[in-house]
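In this text, residue positions in the sequence shown follow full-length UniProt numbering: the first is 1, and each later residue adds one.
Glycine is no exception: its CB is placed at the ideal position from the N, C-alpha and C atoms.
In this text, all values refer to a predicted model and were calculated from it rather than measured experimentally.
Data first, discussion second: the structure below is written as structure tokens.
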Amino acid sequence: MNQTKYIFVTGGVTSSLGKGIIAASLAKLLQARGYRTTIQKFDPYLNVDPGTLNPYEHGECYVTDDGAETDLDLGHYERFLNVPTSQANNVTTGRIYRSVIEKERRGEFLGKTVQVVPHITNEIKDRMQLLGNSGDYDIVITEIGGTVGDIESLPYIESVRQLVWDLGENNAVVIHLTLVPYLAAAGELKTKPTQHSVKTLMESGIKADILVCRTEHEISDEIRHKLALFCNVKREAVIQSIDADTIYEVPNLMLQEGLDLVTLKKLDLPKKAAPDLKTWNTFLKRLKNPKHTVNIGLIGKYVEMQDCYKSILEAFIHAGAANETKVNVVSIHSEHIDATNVADKFKDLDAILVAPGFGERGIEGKIEAVRFARENKVPFFGICLGMQMAVIEYARNILGYADANSTEMNENTTHPVVNLMEEQKNVTHKGGTMRLGAWKCTIEPDTLAYKIYGQTAISERHRHRYEFNSAYTNELQKAGLIPSGVNPDTGLVEIVEIKEHPFFIGVQYHPEYKSTVANPHPIFVSLVAAAVKAKKAK
Ligand code: GLN
1 MNQTKYIFVT GGVTSSLGKG IIAASLAKLL QARGYRTTIQ KFDPYLNVDP GTLNPYEHGE
61 CYVTDDGAET DLDLGHYERF LNVPTSQANN VTTGRIYRSV IEKERRGEFL GKTVQVVPHI
121 TNEIKDRMQL LGNSGDYDIV ITEIGGTVGD IESLPYIESV RQLVWDLGEN NAVVIHLTLV
181 PYLAAAGELK TKPTQHSVKT LMESGIKADI LVCRTEHEIS DEIRHKLALF CNVKREAVIQ
241 SIDADTIYEV PNLMLQEGLD LVTLKKLDLP KKAAPDLKTW NTFLKRLKNP KHTVNIGLIG
301 KYVEMQDCYK SILEAFIHAG AANETKVNVV SIHSEHIDAT NVADKFKDLD AILVAPGFGE
361 RGIEGKIEAV RFARENKVPF FGICLGMQMA VIEYARNILG YADANSTEMN ENTTHPVVNL
421 MEEQKNVTHK GGTMRLGAWK CTIEPDTLAY KIYGQTAISE RHRHRYEFNS AYTNELQKAG
481 LIPSGVNPDT GLVEIVEIKE HPFFIGVQYH PEYKSTVANP HPIFVSLVAA AVKAKKAK
């Protein structure tokens, strides 16, 4: 077997430079040249996984097929590469410590004093090589969360230093992403923050091989030379990463800058063929030349922070391109919606999506949004909590059960149309205990769901504790809310829809996690098409 090659991506100067996008773009180029590539993220916080983090803290929690609750960057990896990630692709300090402490309790360290170096660093190094050792990949890209110089990143940086040394010449490359700020008053781009950042990395014993410089303005040749000289990298290894209109431009920008070629050269790997980006560029062309425009309302309670609905927003970009349509996502806070203002707030919307979520805040506004969409025949799509709200709305306004609710919101409701799943009843721990990951679903023929998917056997990713209460299936079905998708093993209702409506669908799972550039999700694609149609009919 050939040696797996390793690429480490670190960040300096500031957070939010887009390490995830650079890692995903480089991976895309290497994949398009024929290398089996994967990306993993190592996060320095102490949570065992981001599942217990409030979305306001860290953005969306992304879920993999195997049920890992992960950092949202894994979503970018999947959207770019179209290859599923797994538990092994996201590691946190909490997870590392947990496993070292469990080993200590089992007596595996044989009386030794357990220390950050070597025990924590060895555990990190083992985890960093887990996917590489599987034999499934030629190249493994490891993104290190945080910024160099942070106290909490130190064990990761030290592990990278050791691993680069262990792996030997030409088997590992370190990419350092920094900011080259523009000082408007001086009219100049400044290299000093990058110099300092590279120096901080060097103090930890790591030499950056490649610099990727985020910038708002073109970096001149002169500045590239200066950066190369003072940061001890080759001139060709100074890569400009200029602000782009969309993250989906970045692979092409990196191709122009030659990031893939300098990387391959450093790893002593052949160029192989020129990257095959045909599907990617077709998508980009459609994205940039829309023939229609639609407004789709995103009704949720985390609307102040765009990252909370990252995968939904990206799925709309994929679905928009598939329909040659520009999708304006209009975020509307569910707490601000009530019966008196809904018609006014929604007057320009061509479709409505009610977002996933947890807890009681804002749910009455979500129910009002469902009612508006149902009564006015506006295309509707409910995801997870959004689907549960559609069930509650139907029970309240069609069956006349005024206090119908989910037991998540009201334990004493006389009509618990959504209730806690049986296996959740004795769960006390919050972390990693929801119904998570991929579950099968069987779709009824002759339904909207079947029209959308074009098949009866699907698999989608879940993250919830509550479910459609099957005690109400018959009654709701008779009244017109059709259970069009059911889990074949448990009988849980996963999809509901209304026949007498142009487009009304609610799903218990999260289709947004599976939408990629190469495979836009069919429900999002159909929703955008329905919105285009609704707009034309106005
Ligand atoms: N809070 C709901 C549940 O746990 C919905 C979860 C979600 O929207 N992801 O079932």
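Query                                                                                                                   : Result
Terminal residues of the beta strand (DSSP E) in which ASP49 lies                                                       : Per DSSP, ASP49 belongs to no beta strand (DSSP E) and is neither H nor E.
Buried versus exposed, by CB contacts within 10 Å (16 or more), ILE101                                                  : exposed
For GLN195, the three-state DSSP class (helix, strand or coil)                                                          : helix
Rounded C-alpha distance that separates ASN47 from LEU399                                                               : 44 Å
Bridge partner(s) assigned by DSSP for LEU183                                                                           : GLU188
Residues with C-beta closer than 5 Å to any heavy atom of the ligand GLN, in chain order                                : PRO356, PHE358, CYS384, LEU385, ARG463, HIS464, ARG465 and TYR466
GLN240, buried or exposed, once every other Cβ within 10 Å from all chains shown has been counted against 16            : buried
Closest residue to GLN129 among PHE42, LEU211, LYS440 and SER204 (Cα-Cα distance)                                       : PHE42
Proximal residues to ILE247 (C-beta, below 7 Å), its chain only, five neighbours per side dropped                       : ILE21
Residue range of the alpha helix (DSSP H) that includes LYS536                                                          : 522-537
LYS285: first and last residue of the uninterrupted beta strand (DSSP E) it sits in                                     : Looking at the DSSP string, LYS285 is not in any beta strand (DSSP E); the run it does join, the alpha helix (DSSP H), is 278-288.
Short Cβ contact (7 Å threshold) for CYS213 with THR178                                                                 : yes
Neighbourhood of GLU467 by C-beta distance below 6 Å, restricted to the same chain and skipping five residues each side : MET421 and LEU492
Distance between THR38 and ASP344 (C-alpha atoms, nearest Å)                                                            : 47 Å
Contact belief for ASP260 with LEU26 at Cβ below 8 Å, rounded distance in angstroms                                     : 6 Å
Alpha-carbon to alpha-carbon, PRO290 and GLN455                                                                         : 29 Å
Three-state class that DSSP yields for THR325 in the structure shown                                                    : strand
Separation of ARG106 from CYS308, as counted between CA atoms                                                           : 39 Å
For SER159, the first and last residue of its enclosing alpha helix (DSSP H)                                            : 154-167
Selected residue, minimal CA-CA separation from HIS332, among PHE503, ILE495, VAL173 and ILE363                         : In the sequence on display, residue 332 carries Ile and not His. Closest by alpha carbon: ILE363.
Distance, HIS318 Cα to MET1 Cα                                                                                          : Residue placement at MET1 is poorly supported in this model, since its pLDDT is 46, which falls under 50; the coordinates still yield a value, given next. The alpha-carbon atoms of MET1 and HIS318 are separated by roughly 37 Å.
The alpha helix (DSSP H) enclosing VAL100, as first and last residue numbers                                            : 93-105
CA nearest to the CA of ARG461, picked from LEU353, TYR509, PRO416 and ILE443                                           : TYR509
Residues bridged to ILE210 [DSSP beta-bridge criterion]                                                                 : ILE175
Cβ pair VAL391, VAL370 closer than 7 Å                                                                                  : no
Beta carbon of GLY94 nearer than 7 Å to that of LEU436                                                                  : no
Buried/exposed call for PRO445, threshold 16 Cβ in 10 Å                                                                 : exposed
Alpha-carbon spacing of GLY506 relative to ALA321, whole angstroms                                                      : 23 Å
Cβ neighbour criterion (16 or more within 10 Å) applied to PRO270                                                       : exposed
ILE495 vs PRO511 beta-carbon contact at 7 Å                                                                             : no
Cβ neighbours of ARG235 in the same chain (closer than 8 Å, five flanking residues each side left out)                  : ARG224, HIS225 and ALA228
Limits of the alpha helix (DSSP H) - the one that VAL391 falls within                                                   : 385-397
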